[in-house]
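Novice: By my numbering, the letter at position 61 of the sequence shown is numbered 77, and the numbering carries on one by one without gaps.
For glycine and all other residues, C-beta sits at the position ideal for the given N, C-alpha and C.
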Amino acid sequence: MTVDSQVRDELSAGLATKPTPIRVGMISLGCAKNLVDAEIMLGDVRAKGMEITRSAEDADVMIVNTCGFIDAAKEESIEAILSAHEQRLSRKGGRQRLVVSGCLSQRFANELAAEIPEVDAFIGLDQVAEAGEIIERLLRTETGSPPVNLVGGRSRFIPDYDTPRFQLTPSHFAYVKIAEGCNHPCSFCVIPQMRGRHRSRSIESIEEEVRRLVGAGVKEINLISQDTTYYGMDLWAAKAGPRQPVDSDRGPTLTRLLDRLATIDGQFWIRLLYTHPAHWSRELMDAVAANPKVAKYIDIPLQHIDDEVLQVMRRETSRQHIENLLAEMRERIAGVFLRTTFIVGFPGETDEQFEVLLDFIERTRFERLGVFQYSQEEGSRAGKLANQISKTVKQMRYRTAMALQQRIAAQWATAQIGLTRQVLVEQPLIGRTEGDAPEVDPRVLLDKPSPVGQFATVRITGTQVYDLRGTVSEE
17 MTVDSQVRDE LSAGLATKPT PIRVGMISLG CAKNLVDAEI MLGDVRAKGM
67 EITRSAEDAD VMIVNTCGFI DAAKEESIEA ILSAHEQRLS RKGGRQRLVV
117 SGCLSQRFAN ELAAEIPEVD AFIGLDQVAE AGEIIERLLR TETGSPPVNL
167 VGGRSRFIPD YDTPRFQLTP SHFAYVKIAE GCNHPCSFCV IPQMRGRHRS
217 RSIESIEEEV RRLVGAGVKE INLISQDTTY YGMDLWAAKA GPRQPVDSDR
267 GPTLTRLLDR LATIDGQFWI RLLYTHPAHW SRELMDAVAA NPKVAKYIDI
317 PLQHIDDEVL QVMRRETSRQ HIENLLAEMR ERIAGVFLRT TFIVGFPGET
367 DEQFEVLLDF IERTRFERLG VFQYSQEEGS RAGKLANQIS KTVKQMRYRT
417 AMALQQRIAA QWATAQIGLT RQVLVEQPLI GRTEGDAPEV DPRVLLDKPS
467 PVGQFATVRI TGTQVYDLRG TVSEE
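1) So, helix, strand or coil for residue 193, using DSSP?
2) For the 8 angstroms Cβ check, are there 3 or more pairs between the region 220-239 and the region 350-365?
3) Go to residue 236, then tell me how far its beta strand (DSSP E) extends in each direction, as first and last residue.
4) Can you find at least 3 beta carbon pairs, one from the region 62-78 and one from the region 116-127, that sit closer than 8 angstroms?
5) Taking DSSP's pairing of strands, which residues face residue 137 in a bridge?
6) Residue 310 and residue 286 - do their beta-carbons sit closer together than 8 angstroms?
7) Express the C-alpha separation of residue 410 and residue 399 in angstroms, rounding to a whole number.
8) Residue 329 and residue 320 look like a contact to me (Cβ under 8 angstroms); what is the Cβ gap, rounded to whole Å?
9) Suppose you measure from the CA of residue 26 to the CA of residue 278; what does that come to, to the nearest Å?
10) Does the separation of the CB atoms of residue 167 and residue 396 fall below 8 angstroms?
11) Just to confirm, are residue 97 and residue 116 a CB contact at a threshold of 8 angstroms?
12) Check each candidate in 322, 146 and 301 and name the one with the smallest Cα separation from residue 367.
13) By DSSP, does residue 283 sit in helix, in strand, or in coil?
14) Taking the Cβ atom as the reference point for each residue, do residue 363 and residue 401 lie within a distance shorter than 8 angstroms?
15) Could you spell out the range, first to last residue, of the beta strand (DSSP E) harbouring residue 442?
16) Return the first residue and the last residue of the alpha helix (DSSP H) that residue 427 is part of.
17) Note the first and the last residue of the continuous alpha helix (DSSP H) segment covering residue 148.
18) Please state if the CB of residue 448 and the CB of residue 459 are separated by a distance shorter than 8 angstroms.
19) Can you list, in chain order, the stretches of the beta strand (DSSP E) that have 3 or more residues and sit fully within the region 288-364?
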């Protein structure tokens, strides 16, 4: 028998055909921290030899990575689960499997399994690095079996530099999770119940991950955790107390981490996201000011400014502390961009307290600002308060605060005309300055196409609502 005829015989017998790889699709909702979890799940899927597909119709398994932070996010997640279930009935002959992960799964897996028994498996935050193995086990079970609930207790997992990841962001920017969990007692929030206590990665682990990303061409590293400024404090030998002017002699700190990342060769930005006003030190401000790779951009959710509201929120800060902190930031970090968020309609918030907030926004003139309407979260301390604010009042206060900030933002944008800024090109005709975090802040609209994922020098020539317009330098 010739070789050709032998191959033909084997093909006809199905002996020389390779098995079709398992294809996995993903719907990921929520914040950047949840996105990193999605990237880890898909990274493990690829490490197990499976394929990732953007086509839900081609997927053997669909993962819905849910958010459970506020009611609107929970509703969106449940709708996504139900929609994925409804659509899969016509896919793969009805054999497509459905997995639910993320914060909603971590918190409500038992309830969801009872209410949506069509889901094949629920996995928690500690199982994200085991997604491939879980899928392999799932596909060995019979279609229509009862849901598998793999969610454990309070989460303890943190990623390492060699944890497989499949980057879902554009190739020029990435999110790096430097810690997981949260120790803060905010009365409106249930994140500690879902993600557990704060636990920091080592500086060496983060540095190695950033080196690999920069080596792969990433131009912007966004450091994230529930409270980035708390980074390292859980690793101190002595219990962490109030911040000191210098903290790095007490153990690992965000300052030490920034100093280490500054040694990595290459042109790239380091951006700090989700910092808490209770944990800023003078040492950290000076590190941001002195490090040319660190964007002069401070994301610092304040939530409110009235002392009584802050106390009921259990924010661990006072109005005086916040005002002193912001003044010192503007003094010590030249050209700093301050971004914050506020909650309106918190239980018991009076008209007078809302006016105090408006006055603070007017006087402080944040470069970037967002407003959320309070969401009554099941299991939170604030959710049990009797003096809840009506939806109508919350919406009115939201519109009033955003109208004020829109006026401030327009004035700020107009003042940028004539300035020259470095931008990171996101799309051929769209860029971002160091004062603009990806996916949440304004953009710079460019006058001519520029290479995506590269830096460009742009002269600001006009505005368009929140966005700027600019002319790309010929250099």
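Specialist: Result, derived from the coordinates:
1) Stepping through the sequence shown from its first residue, residue 193 is reached at position 177. Looking at residue 193 - three-state DSSP - the assignment turns out to be strand.
2) no
3) Reading the sequence shown from its first residue, position 220 is the one you call residue 236. Note, residue 236: beta strand (DSSP E), 236-240.
4) no
5) Within the sequence shown, residue 137 is the residue found at index 121, counting from 1. Beta-bridge pairing links residue 137 to 115 and 164.
6) As a position in the sequence shown, residue 286 is number 270, starting the count at 1. As a position in the sequence shown, residue 310 is number 294, starting the count at 1. Closer than 8 angstroms, so yes.
7) The count along the sequence shown starts at 1 and reaches residue 399 at position 383. The count along the sequence shown starts at 1 and reaches residue 410 at position 394. C-alpha separation (whole angstroms): 15 angstroms.
8) On the sequence shown, position 313 is the one that residue 329 refers to. On the sequence shown, position 304 is the one that residue 320 refers to. About 6 angstroms; that satisfies the 8 angstroms criterion.
9) As a working mapping, residue 26 is identified with position 10 in the sequence shown. As a working mapping, residue 278 is identified with position 262 in the sequence shown. Unreliable placement is indicated for residue 26, whose pLDDT of 45 sits below 50; no coordinate value is reported for it.
10) Position 151 of the sequence shown, counting from 1, holds the residue named residue 167. Position 380 of the sequence shown, counting from 1, holds the residue named residue 396. Not in contact: residue 167 and residue 396 (Cβ atoms no closer than 8 angstroms).
11) As a first step, residue 97 must be located in the sequence shown, where it is residue number 81. As a first step, residue 116 must be located in the sequence shown, where it is residue number 100. The answer is yes: Cβ separation under 8 angstroms.
12) Counting from one through the sequence shown, the residue named residue 367 turns up at place 351. Of the listed residues, the one whose Cα sits closest to residue 367 is 322.
13) Start at 1 with the first residue of the sequence shown, and residue 283 comes out as number 267. Reduced to three states, the DSSP call for residue 283 is coil.
14) Sequence index remark: in the sequence shown, residue 363 carries index 347 (1-based). Sequence index remark: in the sequence shown, residue 401 carries index 385 (1-based). Cβ distance < 8 angstroms, so residue 363 and residue 401 count as in contact.
15) By one-based count along the sequence shown, residue 442 stands at place 426. Run containing residue 442: 436-443, per the beta strand (DSSP E) assignment.
16) Numbered from its first residue, the sequence shown carries residue 427 at position 411. Run containing residue 427: 407-431, per the alpha helix (DSSP H) assignment.
17) Here residue 148 refers to the residue found at position 132 when the sequence shown is read from its first residue. Residue 148 -> alpha helix (DSSP H) spans 147-155.
18) In the sequence shown, residue 459 corresponds to position 443, counting from 1. In the sequence shown, residue 448 corresponds to position 432, counting from 1. Yes. Within cutoff.
19) 310-315 and 353-360
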